[in-house]
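Let me begin by presenting the structure, written as structure tokens, before commenting on it.
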Amino acid sequence: MTSGTDEVPEDADVLEEVEADVLEDVAADEREEGEELEEIEPPDSNAVVINMNGKDVVARKGETVIAAALRNDEYIPHFCYHPRMSPVGMCRQCMVEIEGPRGPMMVVSCMTPVAEDQVVRTATDEVKRAQEGMIELLLANHPLDCPVCDKGGECPLQDQAFSHGPGESRYVEQKRHYEKPIPISDLVYLDRERCILCDRCTRFADEVAGDPLIHFISRGNNTQVMTFPDEPFVSYFSGNVVQICPVGALTAKPYRFKARPWDLSQRESTCTTCSVGCRTVIQSSRDELLRYQGVDSDPVNWGWLCDRGRFNFEAINSDHRLTTPMIKTEAGLVETSWRGALDAAAGLINDALAGGGAESIALLGGARGTNEDAFAWARLADAIGTPNRDAQLGDGLPAEILGLDRATIDEAANASTIVLLGPDLKEELPVLYLRLRDAAEKGRSRILEFSATDSGMTPYAWKSIRHEPGTQHNAVVSALADSDIAEQLAKGDVVVVAGRSNLADSADVTVAALQKLLAGVQGAKVLPALRRGNVVGALSLGLAPADADHDGLAILQAAADGKIEVLILLGADPLNDCPDADLARRAFAGARRIIAVDTFACESTQHADVVFAAAAYGEKAGTTTNLEGRVSTVGQQVTATGTSRPDWMIAIELGLKIGDRSFGSDHPLRGVSTVDDLTDMIANTVTGFAGLSSSTLVQQTDGVLIESPSTSLPEVSFAEAGRVSYDYRLVVSRKLYDRAVGTQMSRSLTNLASASVAYVHPLDLDGLGVAEGDDVKIVSAKAATILPIRPDSAVPRGILWSPFNQGSGNIEDIIDWRSATTDVRIERV
Amino acid sequence: MSRLSDHNVILAKEIIARYPKQKSALIPLVHLSQEQNGYVTEDAMRHIADMIDVTPAEVYGTASFYEMFRFEPTGKYLINVCGTLSCSLMGADSLMHHAEQTLGIKAGATTDDGLITLQHAECQAACTEAPTLQVNYRHRYRVTHESFDQLVDDLRSGALDTEIPPHGTLGRNRQQIPADRAVAVQAPEDVTTGPAWIQVSPA
Amino acid sequence: MTVESRVVSPYPWAPGFYPGDRPEIVTSRFQYEDGHTLDRYLATGGYEGLRAALAESPSDVHEVVKNSTLLGRGGAGFPAGVKWGFTPQGVWPRYLVVNGDESEPGTYKDRLLMECDPHQLIEGSLIASYAAGLSQGFLYIRGEMALAHERVAQALNDAYAAGYIGKNILGTDFSIDIVLHWGAGAYVVGEETALIESLEGERGMPRLKPPFFPAAVGLYGMPTIVNNVETLSNLPFIAREGSEAYTAIGTPTSPGTRMIAVSGHVKRPGVYEIVNGSTTFRDLIFGDDFAQGIRDGNELKAFVPGGGSAPWFLPDQLDIPFEGPAAGAAGSMLGSGAVMVMDSTTDIPAAALTLVQFYAHESCGKCVPCREGGTWLYRIVERIVAGHGTDADLETIFEVGQTICPGEMPHASSERLGLDAVPFPYKMTTICFVGPSAYAPIHSALTLFPEEFEALVTKRADRRPIPVTAEVPA
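First to last, the sequence lines map onto chains Y, F and W.
Following this note's numbering, the numbering of the first sequence begins with 95 at its first residue and continues without gaps.
Following this note's numbering, the numbering of the second sequence begins with 8 at its first residue and continues without gaps.
Following this note's numbering, the numbering of the third sequence begins with 733 at its first residue and continues without gaps.
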């Protein structure tokens, strides 16, 4: 083909004003999309002054003209441009005029870098003519089904057709027609007729999520976004493509036809599904939660959410929602009044205090609530005087990890080396996975991974070291002796992401490995990869065990031994969430009385004597603390379901009912009437939270980091057992979707959990002489279970991997919390 | 059948090894699969995706951009009649009409016996010899109605079997890079210095 | 005149090629039926240029090429030696990509060069690689050229076996692999950044600019020299005979020869190697040495001077020399060296339709103006040609065109219509030239032959305004 001529410049046209009101609306929508970047005064060395529409504007070196414009409130219409993805220049909507060496030139502002003294005009007649022309072309094949389109009312194409369009169309030809809409995954529908081919979803899938399962196919005017036939867009991040779609081409099943955008009211909040703490807006109509959208928080989630966090609002109105307190009778659990439930619970606690003393009362959980919830319950535990409390259920790490030199997410994502010594981040902390994957893909960081099996991060790791389960401390020692690795670590700026990679190992093994690593790498910082939404807040605000003798596993063991009179469950479901399921069952049998505070009826609440219905996420306000120690607000957007109440309120009322043995007449919690009182009390009384008053946090939408008192990891020791007659060592780890009640109660997510399956290396499967999918008996020193077996080349030889909490055929039954590792035999059935 | 055969897997590995990055082999491998199967099958695309470590969607995305790749069964002979300006000026429309009449199918279709697929095509870089057509990408120049009929007769009788291999086969020979002559292919990130022969003058 | 009665080339193995009493730089072996074999190549001075180059330092060879002012033949006409100099210092590896994706309508030369003299192309590629320090070459051939594939594959195999490619070429330190790569049918891949995308296994969509030159950021993000087949085929001559022998031919700004295809309604449509700058369109279309005039005694109506993308010329422009600046001033371009001739019997709207259809079909789909606008133009013109157009459609063509090419669109002057020329080039809102190329032919046809369109379309009745007294709110 022919190429190689240049554009001929023409004289500048007169600058004109555009419809300012409409522009403001469009800009506001952009913010809702989570696109706006934080306004930061650039350091001088990075500042580039350009002239935009006659004004001097400070841009950042290396950024594009459109980025500089949007940050400086100069709106330039656009569709394909997205600040978190590389420019593609497809929609040609962001044309501006730039003064060039040969006069003014029309350029696409998403491809043009800023330069010192650049003169940019965004609204000349010629620019406006081009913008109107593009809109006319985009609308040529776009169906005008806006009345029945979910995007109608918040649609960038609709808005920009209004603000920058020609007002009429001359297109009289037949429009493109495709079957509409088609499901491209369990969660997302695609309407190719509405698609304007901006490459946002496909770029997101490839560049951001690393799941290039949707792609442009065909060419030219027939180009479409599609999956491979019969291979759906299975991604933990698929909801993001719906959010960034500039038209209604991609819609999410949970929200389709649920509301009109102008009927939605919304509030900023922080997702507490896991401990990354993504900023969100939660939206409702007629007092019903209908949608969560990601907000671009620069230090945290960059606008992205995982699908579990985005869609689990469906659980809030599910059948399993607890709406009123219940009390156990001979007929089982029956509904009761709050007064009745509080009286009963206070009676149980008073009896226990009188009988077994404070030591016979234990609190498990608290990591699913807000800071205020955890603080109130911790004060109640203090008042009662029990040392038995833990926000983790033996599936985390000792709380002392919070007192190590802690890294932020940004520090991790800009570190020279990221050491992964923990869970599969893609499964447990998905948006942290996105941030760290980005760091590796963009070449900022090298990832050094220690794991027993391949993880979601393995493809992006600089080195991924496989170790036998339970020997990561040895793997760390040999890695530190490797010259390549030593050289890389010696560059400094090392962040260790530490958490539990294997629930069939004891936490001690990870602690030992972390100790070796920190001893070997001077100045390394630690980002704790603990999973539950507010586990850092709960542990920091008084729900951490005093020592290993009073932690979650010790409490369950004490209960099993009959030493616990009252076991209080704060949103905890040990029967499904404790790695040693047998221990949890024995604990429930051994505990004399159980009080459960929960939003959902789960297996553990079935065994309770008193059940308090707690307000759910979105139904209560407060603050939460993410894994890096960032405190940000959680918003109340709808009325609490039934008579349910926030956990903090239950704690205080219970304290008041218990009376002298808890909240004495001068107890400070007696004066609390709003959640803000509690937030302010935390700010005034808890070290590290100083200054984090409710009024401050409302202003600081990106949150504020707390400081944790410096601690060191506890000394650990464990026996490194040989395998003897067991051929396989067990790895049990979490998947994003499991049988956790919040996931199961969300209609759209229910079917996404995998079944309980045992995976071994394909060669090991051959050696066993069983067929793929056959049931096998898996025998540990403690117990046996039967599971179907499948090959997986991500699992090294000699290892059996099974996902945690996937229901039937519980792998959790064969784990013994007291042993450092779990070895198993596979027998044919 | 529709995954790459063992023989073609060996060829495919040779092809992949010629490129500094394996995704570059995508188009050659899809050609190879089309040569094997006559068109591009889903299984072949999955197989190729495995071999070069991309998703099947990426293979399909790239392959469907190029019009030589056909995703449904295609005649043994694909006749492409050029309709761009020079050929059009020299009677391409009339030739296409004649071809449709002779074969009894419309452009885009395949004869019932599965022998011939007829389609409209764009410029074939033989403009001085208009009107032209290609049979499996072998040119036929200054095609008249009579020479078209003769061509179809010859295709049916097998008279052109040696000259025109079945649809999908691009060349009747292949490039062979002898191992003792080949320069080692390196990933770009593994190359940090200029080649031995170049004298790099300091900047 | 029937198809059969046209003159045929004296060399049936090079269909359409006609030698003449002119210097032959790249077509010297077209006279041999076995010109594509290594034996014939070696017997006629083959690989002498490479030997000569290897006797000198790479930078000296680069200097020779710079001094020859060899211009790129892919359409842009950029000096090859200068292009090689854009590779950033100290960044390795560097690659060579040979653009053999010839597919501009009317263009027919690279295919002949690959079929009739593949070793010349290989030798040229080796010389370029030596001079620019390139460590691997990729010969990207348009997929639809099966014979070219076979000839080039055979030539590569023979050249490897004979020690001209691979490790330690001719006993020197110079080592390079050249890989034959098959295209798969996409015109836009002729654009050099799309070619690179395609070679990386991607959809052949042009890359964003900046960076403007693959020489800085190209294949796998590394410095890459992309040269056209004809360009590289000139290098053996230059290396063998020296830059002065090359600049002695043609004009100072545009030395050497170039290959031109003249097709359409002429007596002897053919491919000719012409001397740059010394030939007019009249020579090409009417000269005895070239196309020998319009068929059947008809009159010339219009011609496309530089491949299907180029705005059209009329008989008014016949005396313009075949030279870039002159063609540009007259409202078009020379592009890839392809002249398509239309005689007085030509149905102009139908002729334009074939080109609009071509570019609409070949849009990669990346830029909205091309993807949507090109197809829209095609639909309108198709409707007009089928007799279903209205006069409003004619306005719409210009309006849609404005969105692809803002401002004045280049066109030729017409004495008949009293039109002045608008000089080349146009402005564009797209990344590459496919979008404007869909507009250029229909713009020319409609501007230069409005009566043919007006005769086809239905006139709308004049709109009768509804009588109202109130002011319409602004």
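Note that beta-carbon positions come from the ideal geometry of N, C-alpha and C, so glycine has one too.
All values reported here derive from a predicted model rather than from experimental measurement.
Endpoints, alpha helix (DSSP H) assigned at residue i
| i | result |
| --- | --- |
| Gln337 of chain Y | Gly333 to Ile338 |
| Gly1167 of chain W | Val1166 to Leu1180 |
| Ile541 of chain Y | Premise fails: Ile541 of chain Y lies in the beta strand (DSSP E), Arg540 to Ser545, not in any alpha helix (DSSP H). |
| Ile746 of chain Y | Asp741 to Ile752 |
| Gln360 of chain Y | Where Gln360 of chain Y is concerned, there is no enclosing alpha helix (DSSP H), although the beta strand (DSSP E) it sits in stretches over Ser359 to Thr364. |
| Asp860 of chain Y | Pro856 to Leu862 |
Bounding residues of the beta strand (DSSP E) (the contiguous stretch that carries residue i)
| i | result |
| --- | --- |
| Cys848 of chain W | First-last for Cys848 of chain W: Asp842 to Cys848, but that is the alpha helix (DSSP H), not the beta strand (DSSP E). |
| Arg429 of chain Y | Checking the sequence shown, residue 429 of chain Y turns out to be Glu, not Arg. It spans Gly426 to Glu429 - the beta strand (DSSP E) in which Glu429 of chain Y sits, taken as one unbroken run. |
| Thr719 of chain Y | Gly716 to Thr719 |
| Ala1084 of chain W | Segment Ile1080 to Glu1094 is the alpha helix (DSSP H) holding Ala1084 of chain W; no beta strand (DSSP E) there. |
| Ala652 of chain Y | Element bounds for Ala652 of chain Y: not the beta strand (DSSP E) but the alpha helix (DSSP H), Gly646 to Ala654. |
Best match in the options for proximity to residue i [C-alpha to C-alpha]
| i | options | result |
| --- | --- | --- |
| Thr718 of chain Y | Y:Val835, Y:Ser806 and Y:Asp467 | Y:Asp467 |
| Trp556 of chain Y | Y:Ala507, Y:Val923 and Y:Leu542 | Y:Leu542 |
| Ile905 of chain Y | Y:Asp869, Y:Ser850, Y:Leu862 and Y:Arg912 | Y:Ser850 |
| His851 of chain W | W:Ser1076, W:Gly1025 and W:Leu967 | W:Leu967 |
| Val825 of chain Y | Y:Ser756, Y:Pro897, Y:Val873 and Y:Ser806 | Y:Pro897 |
| Ala1042 of chain W | W:Arg1195, W:Gly1025 and W:Met1072 | W:Met1072 |
| Ala702 of chain Y | Y:Val428, Y:Ser848 and Y:Asn508 | Y:Val428 |
| Pro195 of chain F | W:Glu1131, W:Ser867, W:Thr1011 and W:Trp745 | W:Ser867 |
| Thr200 of chain F | W:Ala1083, W:Glu929, W:His881 and W:Pro825 | W:Pro825 |
| Cys188 of chain Y | W:Pro747, W:Pro1101 and W:Gly898 | W:Pro1101 |
| Thr1190 of chain W | W:Ala1070, W:Thr1122 and W:Ala916 | W:Thr1122 |
| Tyr820 of chain Y | Y:Leu750, Y:Ile893, Y:Arg764 and Y:Asp832 | Y:Ile893 |
Sub-8 Å separation of residue i and residue j beta-carbons
| i | j | result |
| --- | --- | --- |
| Ala234 of chain Y | Tyr272 of chain Y | no |
| Ser40 of chain F | Ile59 of chain F | no |
| Pro1037 of chain W | Leu1066 of chain W | yes |
| Pro1173 of chain W | Tyr1158 of chain W | no |
| Gly259 of chain Y | Ile229 of chain Y | yes |
| Val605 of chain Y | Pro524 of chain Y | no |
Proximal chain Y residues relative to residue i, where beta-carbon distance stays under 8 Å
| i | result |
| --- | --- |
| Leu1126 of chain W | The contacting residues do not exist; Leu1126 of chain W stays about 12 Å from chain Y at best. |
| Ser1095 of chain W | Arg313, Gly314 and Asn315 |
| Ala1084 of chain W | Ordered by position in chain Y, no residue passes the 8 Å Cβ test against Ala1084 of chain W, which lies about 17 Å from the chain. |
Residue i: contacting residues in chain F (beta-carbon distance under 7 Å)
| i | result |
| --- | --- |
| Arg313 of chain Y | Phe72 |
8 Å Cβ cut-off: residues of chain F touching residue i
| i | result |
| --- | --- |
| Asn889 of chain W | Asn180, Gln182 and Gln183 |
Listed by chain order, chain W residues near residue i by CB distance under 8 Å
| i | result |
| --- | --- |
| Ala224 of chain Y | Thr1135, Pro1138 and Thr1161 |
| Thr200 of chain F | Trp824 |
Listed by chain order, chain W residues near residue i by CB distance under 7 Å
| i | result |
| --- | --- |
| Tyr67 of chain F | Those within 7 Å of Tyr67 of chain F in chain W number zero; the least Cβ separation is about 11 Å. |
Chain-ordered chain Y contacts of residue i [CB-CB under 7 Å]
| i | result |
| --- | --- |
| Pro63 of chain F | Phe322 and Glu325 |
Within chain Y, the residues that residue i reaches when beta carbons sit closer than 9 Å
| i | result |
| --- | --- |
| Glu49 of chain F | Phe322, Pro323 and Asp324 |
Check whether the segment 943-963 of chain W touches the segment 1103-1112 of chain W, counting contact only when three or more Cβ pairs, one atom from each stretch, lie closer than 8 Å.
-> In short, these stretches do not touch, since the Cβ pair count stays below three.
Validate contact between the segment 818-833 of chain Y and the segment 594-612 of chain Y using beta carbons, cut 8 Å, 3 pairs | Verdict: yes, contact present.
Can at least three beta-carbon pairs, one atom from the segment 342-350 of chain Y and one from the segment 558-566 of chain Y, be found at a separation below 8 Å?
-> No, because fewer than three Cβ pairs between the segment 342-350 of chain Y and the segment 558-566 of chain Y fall closer than 8 Å, the two stretches do not touch.
Looking at C-beta atoms only, is the number of pairs between the segment 416-433 of chain Y and the segment 842-857 of chain Y that lie closer than 8 Å three or more?
-> With the cut-off at 8 Å, the segment 416-433 of chain Y and the segment 842-857 of chain Y do not touch.
Validate contact between the segment 634-641 of chain Y and the segment 476-485 of chain Y using beta carbons, cut 8 Å, 3 pairs = Enough Cβ pairs lie closer than 8 Å, so yes.
Assess, as a yes-or-no matter, whether the segment 157-170 of chain Y is touched by the segment 201-220 of chain Y under the definition of 3 or more beta carbon pairs within less than 8 Å.
-> Counting C-beta pairs with one atom in each stretch, the segment 201-220 of chain Y and the segment 157-170 of chain Y have three or more that are closer than 8 Å, which means they touch.
Can we say the segment 1083-1093 of chain W touches the segment 86-95 of chain F, given the rule of at least three CB pairs closer than 8 Å?
-> Here the segment 1083-1093 of chain W lies against the segment 86-95 of chain F, with 3 or more beta-carbon pairs under 8 Å apart.
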